[in-house]
Structures are given as structure tokens and as C-alpha cells.
Amino acid sequence: MFAALKTRGFNLESTHFRNAERLSKLIALLALAFCWAMLTGLWQHQQHPITLKAHERRAKSLFRHGCDFLRRTFCDLALRVTEFDQAIQLLSLY
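In C-alpha cells form, the structure reads like this:
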């Protein structure tokens with residue numbers, strides 16, 4: 868989770884926030900976004916399994932798989948409304 872919040876994910880360190888209240892709210896939002904990306908990655912892995920590298924580890928983490936899917940969906944939302952609805956429904960399962 869640490870790497871997902873840092874440079875390989877949400878770039879938390881780039882905010883340079885000093886106000887504790889604002890930082891607290893940002894971390895709460897990032898926690899929700901992290902959970903959504905993980906759930907989406909797990910769902911996508913069930914639909915389209917992540918390939919394994921030669922050393923039997925996944926080529927991408929579940930977080931990266933989900934985050935990439937959400938990014939593609941948001942960037943092309945007009946054409947991916949159904950996929951966006953499915954990703955939103957993942958949040959209502961829990």
C-alpha cells in the first residue's frame with residue numbers, strides 16, 4: 868500500500884501539504900481510492916487474468932491492474948459508460 872500511495876500510484880508526496888486537517892482528508896480519500904483500485908484490479912483479474920512472469924510472479928499488482936483500468940475508463944468515459952457502472956457497483960458490494 869505504501870508504494871501505491873507514493874510514486875508508483877497516487878504521488879502523495881507531491882502534494883507538499885502542511886495543514887494536518889487537509890492532509891487527513893486527503894489520506895481518507897486516498898484510502899477509498901486505493902480500496903476501489905484493489906477491488907477493480909481483483910475483478911479485472913477474474914475477467915482477464917494478469918500474466919505471470921518467468922519467476923511465477925504477476926506482471927502487475929492487483930492495485931496497478933485496477934488503477935490502470937480506472938484511468939482508461941475515466942479518460943474515455945463517453946465510450947466506457949458500462950465499464951464505469953460496473954466499477955461503481957464494485958463499491959456497493961462492501
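Per this note's numbering, numbering through the sequence shown is continuous, rising by one, with the last residue being 961.
Positions of the beta carbon are idealized from the N, C-alpha and C atoms, including for glycine.
Being a predicted model, the structure only gives us computed values, none of them experimental.
Legend entry - K927 to C902 span [Cα, whole Å]: Translated into positions along the sequence shown, residue 927 becomes position 60. Translated into positions along the sequence shown, residue 902 becomes position 35. Approximately 16 angstroms, taken between the alpha carbons.
Legend entry - Close Cβ partners of R925 (< 7 angstroms) along its chain, the five nearest in sequence each way excluded: Within the sequence shown, the letter at position 58 stands for residue 925. The residues are I917, L919.
Legend entry - Residue nearest to S959 in terms of C-alpha spacing, selected from L893, L890, R889, T907: On the sequence shown, position 92 is the one that residue 959 refers to. With distances taken between Cα atoms, S959 lies closest to T907.
Inset, instruction - Closer than 8 angstroms by C-beta to L893: which residues in its own chain qualify, once you throw out the five before and the five after it? Chain order, please. - result: Numbered from its first residue, the sequence shown carries residue 893 at position 26. Same-chain partners within the cutoff: L879, T882, F884.
Inset, instruction - Give me the Cα-Cα distance between R938 and E950, rounded to the nearest whole angstrom. - result: Taking the sequence shown and counting its residues from 1, one reaches residue 938 at position 71. Taking the sequence shown and counting its residues from 1, one reaches residue 950 at position 83. Roughly 12 angstroms separates the two Cα atoms.
Legend entry - Inter-residue Cα distance where the pair is C1029 and Q913: The structure shown does not extend to residue 1029, since the chain is modelled only from 868 through 961, so no value can be given for it.
Legend entry - Distance, E888 Cα to Q956 Cα: Counted from its first residue, the sequence shown places residue 956 at position 89. Counted from its first residue, the sequence shown places residue 888 at position 21. Going from the Cα of Q956 to the Cα of E888 covers about 30 angstroms.
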